[in-house]
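Engineer:
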Amino acid sequence: MFTGIVKGQGKIVQLQEDHGTKQIRIASKIINKKDFSIGESISINGVCLTITKFQDNDFWVDAMPETLRRTTFDGLKLNSLVNLEPALKVTERLNGHFLLGHVDTTATVNNVEEQSTSKVFTFKINSDQLPFIVEKGSIGIDGVSLTVVAVGADWFQVALIPYTLSETTLGNLVRGKKVNIETDILGKYAVKMNKEVANYE
12 MFTGIVKGQG
22 KIVQLQEDHG
32 TKQIRIASKI
42 INKKDFSIGE
52 SISINGVCLT
62 ITKFQDNDFW
72 VDAMPETLRR
82 TTFDGLKLNS
92 LVNLEPALKV
102 TERLNGHFLL
112 GHVDTTATVN
122 NVEEQSTSKV
132 FTFKINSDQL
142 PFIVEKGSIG
152 IDGVSLTVVA
162 VGADWFQVAL
172 IPYTLSETTL
182 GNLVRGKKVN
192 IETDILGKYA
202 VKMNKEVANY
212 E
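In structure tokens form, the structure reads like this:
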């Protein structure tokens, strides 16, 4: 489980394919074999993946075909930067919101509006995800916990402060760029229970 509070960024330094699985080597200052072990879960741009091995100061993960289909990982390129967050420890503060690292879909940057020192991003998203996105609710974008400021027929908006823009990959987003989206798990369960109650009645 994760919180959407990114601890640092990593760089893609090697990519290779093996029977439909993409093997990814990432260089990072925060994930190392001294403090982490093979088999631990890491959120990489919001995707929960398992450390498969360490090589020098880098670590490797595998992205399965289902992950490639549902996320932006099929388009990863060498030297791409990614957001990193280790799994939450029970002794840590929950500063963001509950994220599982199970990406629901992708969204596309439709507009970027600068407001003083912050930026407002408008994302276009499949309408089937809108029941799980509410104004002032939480959403995970490339692994970053953010607050929704507005929702439309096929879009939603978030506002990013300077810290988030500088400390995560979201500061590099431009129109047309795709991002990983994880909607609020609590919202998904609420919608499902309401449907089941309605069907029962």
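Read in order, the letters of the sequence shown correspond to residues 12 to 212 in our numbering. All C-beta atoms in this analysis are idealised placements derived from N, C-alpha and C, irrespective of residue type, glycine included.
For I16, I'd like the list of residues in its chain whose CB is within less than 7 Å of its CB, leaving aside the five on either flank, ordered along the chain.
Structural biologist: Cβ neighbours of I16 beyond the five flanking positions: E96, N106, G107 and S156.
Engineer: Tell me whether the beta-carbon of G21 lies closer than 7 Å to the beta-carbon of V72.
Structural biologist: Not closer than 7 Å, so no.
Engineer: Could you work out which residue in T63, T102, T116 and R104 is closest to D195 when comparing CA atoms only?
Structural biologist: Here the closest residue by C-alpha is T116.
Engineer: In this structure, does DSSP put F70 in helix, strand or coil?
Structural biologist: Reduced to three states, the DSSP call for F70 is strand.
Engineer: Under the three-state reduction of DSSP, which class applies to D85: helix, strand or coil?
Structural biologist: In this structure, D85 counts as helix in the three-state DSSP scheme.
Engineer: With a 10 Å radius around its C-beta and 16 neighbouring C-beta atoms as the bar for buried, classify N191 as buried or exposed.
Structural biologist: Buried, since its Cβ has 16 or more Cβ neighbours within 10 Å.
Engineer: Output the boundary residues of the alpha helix (DSSP H) element that contains T175.
Structural biologist: Looking at the DSSP string, the run of the alpha helix (DSSP H) that includes T175 is P173 to E178.
Engineer: Taking L110 as the reference, which of T133, V131 and I150 has the closest Cα?
Structural biologist: For L110, the nearest C-alpha among the options comes from I150.
Engineer: Quick one: which unbroken alpha helix (DSSP H) runs of 4-plus residues sit fully inside the region 81–149? Chain order, please.
Structural biologist: Those alpha helix (DSSP H) runs which fall completely within the region 81–149 and span 4+ residues do not exist here.
Engineer: Using the DSSP secondary-structure output, state which residues sit across from V24 in a beta bridge.
Structural biologist: For V24, which the question treats as bridged, DSSP gives no partner whatsoever.
Engineer: Would you check if the region 122–135 and the region 74–85 touch, i.e. whether three or more CB-CB distances between them fall below 8 Å?
Structural biologist: No contact exists between the region 74–85 and the region 122–135.
Engineer: How is N43 classed by DSSP in three states: helix, strand or coil?
Structural biologist: In the structure shown, N43 sits in coil (DSSP, three-state: anything other than H, G, I, E or B).
Engineer: Output the distance between the C-alpha atoms of Q77 and G86, rounded to the nearest integer angstrom.
Structural biologist: Sequence inspection shows Glu at residue 77; the Gln mentioned does not correspond to that position. In a straight line, the C-alpha of E77 is about 14 Å away from that of G86.
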